[in-house]
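Trainee: First, the structure itself, so that you have it in front of you.
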Amino acid sequence: MAVVFTYFLVSVFCLTLLCFNTFKVGRIVADLAIPLAVSVVSIFYFVDVQTFSTTGMHLYSAYVIDSLVQENIWNELHFKGNTLISFFLFFGVVITLNYVLYFLFNRLENRFFKYFGRTALVITSVAFMSSVVFFIAFSGKISKDEGNETVPFFDEFHSLLSNDAATRIKKLKPNYPYRTLASVTLSKKPDILFIFVESLRDDIFNDEYMPFTHSFSNRCITSKHHHSGELSTIYSTFSILYGLNIHHYYPFYFSKSRSVPIQILKNNGYLTIGAAASNLKGMSIHSAVLHDQFELFQEFHDAGWKKDRKMVDWIKELSADKSKDRPKFYFMFFNSTHHNYYYPPEFEKHTPVISQDFNYFDGASLKDRKSEVWNRYLNAAAFIDSLVFETLEHFKSKIEAGEMIIAFAGDHGEEFWDAGALGHGRRSNNFRSQTAFMLCIPETQAKTVGLSSHVDIFPTIIKYLNPTSNLQKWSNGVSLLEDAPSRRYIAVGGFDFPRRSPEVTLISDKGKLLLKKTTDSINPDNKFTVLKRTDLEDKPGNSLANELDWMIDRFAVDMNAFFVQ
3 MAVVFTYFLV
13 SVFCLTLLCF
23 NTFKVGRIVA
33 DLAIPLAVSV
43 VSIFYFVDVQ
53 TFSTTGMHLY
63 SAYVIDSLVQ
73 ENIWNELHFK
83 GNTLISFFLF
93 FGVVITLNYV
103 LYFLFNRLEN
113 RFFKYFGRTA
123 LVITSVAFMS
133 SVVFFIAFSG
143 KISKDEGNET
153 VPFFDEFHSL
163 LSNDAATRIK
173 KLKPNYPYRT
183 LASVTLSKKP
193 DILFIFVESL
203 RDDIFNDEYM
213 PFTHSFSNRC
223 ITSKHHHSGE
233 LSTIYSTFSI
243 LYGLNIHHYY
253 PFYFSKSRSV
263 PIQILKNNGY
273 LTIGAAASNL
283 KGMSIHSAVL
293 HDQFELFQEF
303 HDAGWKKDRK
313 MVDWIKELSA
323 DKSKDRPKFY
333 FMFFNSTHHN
343 YYYPPEFEKH
353 TPVISQDFNY
363 FDGASLKDRK
373 SEVWNRYLNA
383 AAFIDSLVFE
393 TLEHFKSKIE
403 AGEMIIAFAG
413 DHGEEFWDAG
423 ALGHGRRSNN
433 FRSQTAFMLC
443 IPETQAKTVG
453 LSSHVDIFPT
463 IIKYLNPTSN
473 LQKWSNGVSL
483 LEDAPSRRYI
493 AVGGFDFPRR
503 SPEVTLISDK
513 GKLLLKKTTD
523 SINPDNKFTV
533 LKRTDLEDKP
543 GNSLANELDW
553 MIDRFAVDMN
563 AFFVQ
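3 is the number of the first residue of the sequence shown in the working numbering; add one for each residue after it.
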């Protein structure tokens, strides 16, 4: 399909060129536009190669495009001046070279078009029409996940030809009367503090790299295997605030279904406060389903680590305001562990580090300097650790009095070429989905559970606040205060599963199943094919079929639990 699409682009270019020269129209426009267009395409493919070699994703994949169209994207990309200057210089060289080549080509054009002009026009016209027919005929038969990762702008072209998936999702009716489900009276009303950290993987949550927070976790519920609901911030935030798997995200946005646990807190007099050192509002036009549920919500967009610093100061100041004498739910999203991994100079303890203003066009590969990138990440994590410690010290009197619940987790993990790429891309593995986690509840004995997910955090809290709560009525999670139910599993969705990625990973205490959904809809006839079976450490385990495959039928049914069929 990628070859056909490239064939299509080349034929469009050639057809345009031949029309200009055959019919002698718009020659000045052609002389200006064609070298420029070739330059843009050349730069695009060059950047795409760099993007793919680093992250394992194409520049035109749905995952990357969604990130690039965010508001305040430059604040998230963290490109420095030297990279931008190098890019424009490189672009200038490419344009100059293309104009020179175009000039030389024009010197030969009379001879070429005298003998081959009309023949070439016919051939490229046929190529253009055949590629269009092929694309229209087969685009609906190619999975969106394959198309998005192999064909430039597949999702956009596919949407022009078929809008069935979006229409089906909008028509889905949740069976989720959140106002009724939230009619719960809480027997306890301690303050609640959610600390959510960008890209915080599980294996650095220890005494070496995050000593303050890890030491605090000794009094809390922790997990051997805690996984995010998805590999990107917006969907993992949904899973933690709703206690639901991420395939509910879009249907709940369109139906304006709100988080039951947050609504329970509001109904019981809680002041809901959200703070993000990131672009949570602008990550998606649909992200209102997250931030508009807070009575007070503040984002911070300062440079680098300073926004985390300001967020902590804002929370401390707000919590000291005696005029807001209500139980409080705080949600804090830290961002310094986002690439380029930021921290104040005094936290540069792991060295050497790659420069904060690393030039992506100087010819060096990030992979060749992965230890320097890793050290930046460790320093950023240490900075976050100090801010979490400062925040917990601020609330020390409430914590010691048993008047505060604390939840701490990464939104997802981060890979550092452990499996071949940098970041938290589209395909799940432990480095990308397994995160740091602790849940600290008053009067609760510390313990380590075997398996947990973001969807378990709020159900555990609500079960503590009201032991009679029926969690299955509004959540895919379980209470970690109780023994794990038999045949318990969790789900880690692919990017925007199932709308744009058909992949989902199901995890039990025996291993993991990577599945591919056969359709992008949610219906009573959900079907899946098995892509891979592994143990809990991602090692191949095809012999585990008898112990894992039961999850397929269970998940197919559970997907429909909160929808009208």
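We put the beta carbon where it would ideally sit given N, CA and C, even for glycine.
(1) Please report the distance separating the alpha-carbon of residue 528 from that of residue 507.
(2) Using a Cβ-Cβ cutoff of less than 8 Å, which residues in the same chain neighbour residue 100 once the five nearest sequence positions on both sides are dropped?
(3) Keeping to the same chain, check which residues put their C-beta closer than 6 Å to that of residue 579; ignore five residues upstream and five downstream.
(4) From 91, 272, 518, pick the residue whose C-alpha is nearest to that of residue 558; which is it?
(5) Near residue 209, which residues of its chain fall below 8 Å by C-beta distance, leaving aside the five closest residues on each side in sequence?
(6) Specify whether the stretch 450 to 457 and the stretch 487 to 505 touch according to this definition: at least 3 beta carbon pairs, one from each stretch, less than 8 Å apart.
(7) Please go through the same chain and pick out, in chain order, the residues whose beta-carbon is closer than 7 Å to the beta-carbon of residue 553, but skip the five residues on each side of it.
(8) Can you tell me the Cα-Cα spacing of residue 328 and residue 188, whole angstroms?
(9) If you follow the alpha helix (DSSP H) that residue 393 is part of, which residue opens it and which one closes it?
(10) Less than 7 Å between C-beta atoms, sequence neighbours within five positions excluded: which residues of the same chain meet that for residue 222?
(11) When the Cα atoms are used, what is the spatial distance from residue 176 to residue 292?
(12) CA-CA distance, residue 308 and residue 185?
(13) For residue 507, does the three-state DSSP call read helix, strand or coil?
(14) Is the beta carbon of residue 180 closer than 7 Å to that of residue 259?
(15) At what residues does the beta strand (DSSP E) containing residue 212 begin and finish?
(16) Suppose you measure from the CA of residue 1 to the CA of residue 479; what does that come to, to the nearest Å?
(17) Count Cβ pairs between the stretch 340 to 360 and the stretch 391 to 407 that sit closer than 8 Å; are there 3 or more?
(18) Between which two residues does the beta strand (DSSP E) holding residue 198 run?
(19) Less than 6 Å between C-beta atoms, sequence neighbours within five positions excluded: which residues of the same chain meet that for residue 211?
(20) Are residue 214 and residue 391 close, meaning C-beta to C-beta below 7 Å?
(21) Once the 5 residues before and after residue 476 are set aside, which same chain residues still bring their CB inside 6 Å of it?
(22) For residue 35, name the three-state secondary structure that DSSP assigns.
(23) Roughly how many whole angstroms lie between the Cα atoms of residue 434 and residue 226?
(24) Please state whether DSSP places residue 241 in a helix, a strand or coil.
(25) State the DSSP-derived secondary structure class of residue 561, mapped to helix, strand or coil.
(26) Terminal residues of the continuous alpha helix (DSSP H) containing residue 514?
(27) Would you say residue 373 faces chain C, with C-beta separation under 7 Å as the test?
(28) Is the Cβ-Cβ distance between residue 276 and residue 299 less than 7 Å?
(29) According to DSSP, simplified to helix, strand and coil, what is residue 502?
(30) Excluding the five sequence neighbours on either side, which residues of its own chain have a C-beta within less than 7 Å of the C-beta of residue 238, listed in chain order?
(31) Return the Cβ separation of residue 416 and residue 425 in integer angstroms, given the expectation that the two are a contact with Cβ distance under 8 Å.
(32) Taking the beta carbon of residue 498 as the centre, do at least 16 other beta carbons fall within 10 Å, making it buried, or is it exposed?
(33) Does the contact criterion of 3 or more C-beta pairs under 8 Å hold for the stretch 368 to 379 versus the stretch 317 to 333?
(34) What do you get for residue 547, buried or exposed, if any count of 16 or more other CB atoms within 10 angstroms of its CB means buried?
(35) Check each candidate in 103, 531, 505, 334 and name the one with the smallest Cα separation from residue 281.
(36) List the residues that DSSP assigns as beta-bridge partners of residue 547.
Mentor: Taking the geometry as given:
(1) Residue 528 and residue 507: Cα-Cα distance of roughly 15 Å.
(2) Correct list, in chain order: 37, 38, 40, 41, 44.
(3) Coverage of the chain is limited to positions 3 through 567, which leaves residue 579 absent and any answer about it impossible.
(4) Residue nearest to residue 558 within the set 91, 272, 518 is 518 (criterion: CA-CA distance).
(5) Within the same chain, Cβ atoms closer than 8 Å to the Cβ of residue 209 are found at 216, 217, the five residues on either side in sequence being excluded.
(6) Yes: the two stretches touch, three or more of their Cβ pairs being nearer than 8 Å.
(7) 491, 508, 510, 515, listed in sequence order.
(8) C-alpha separation (whole angstroms): 14 Å.
(9) Element bounds for residue 393: 372 to 396.
(10) Excluding the 5 residues flanking it on each side, residue 222 has same chain C-beta neighbours closer than 7 Å at 440, 441, 442, 448, in chain order.
(11) For residue 176 and residue 292, the distance between alpha carbons rounds to 17 Å.
(12) If you take the alpha carbons of residue 308 and residue 185, they lie about 40 Å apart.
(13) Of the three classes helix, strand and coil, the one that applies to residue 507 here is strand, per DSSP.
(14) Yes. Within cutoff.
(15) From DSSP, residue 212 is part of no beta strand (DSSP E); its letter is neither H nor E.
(16) Look at the range of the chain in this structure, 3 to 567, and you will see that residue 1 is not part of it.
(17) Here the stretch 340 to 360 makes no contact with the stretch 391 to 407; the two share fewer than three CB pairs at distances below 8 Å.
(18) In the DSSP assignment, residue 198 falls within the unbroken beta strand (DSSP E) covering 193 to 199.
(19) The answer, listed in chain order, is 380, 383.
(20) Yes. Within cutoff.
(21) Here the set comprises 183, 262.
(22) In the three-state reduction of the DSSP assignment, residue 35 falls in the helix class.
(23) Their backbone Cα atoms lie some 15 Å apart in a straight line.
(24) Helix at residue 241.
(25) Under the three-state reduction of DSSP output, residue 561 falls in the coil class, being neither helix nor strand.
(26) Membership of residue 514 in any alpha helix (DSSP H) is not indicated; the residue belongs instead to the beta strand (DSSP E) covering 514 to 519.
(27) In the structure shown, chain C cannot be found, because there is only a single protein chain.
(28) Yes, these two residues count as a Cβ contact at 7 Å.
(29) Three-state result, residue 502: coil.
(30) Once the five neighbours on either side are set aside, the close Cβ partners of residue 238 are 230, 231, 232, 413, 414, 456.
(31) Their Cβ separation, rounded to whole angstroms, is 7 Å, which keeps residue 416 and residue 425 in contact under 8 Å.
(32) Buried, by the Cβ-count rule.
(33) Three or more beta-carbon pairs separated by less than 8 Å are not found between the stretch 368 to 379 and the stretch 317 to 333, which leaves the two stretches without contact.
(34) Residue burial is scored here from C-beta neighbours: residue 547 has fewer than 16 other C-beta atoms within 10 angstroms and is therefore classed as exposed.
(35) The shortest C-alpha separation from residue 281 is found at 334.
(36) DSSP output for residue 547 lists no bridge partner at all.
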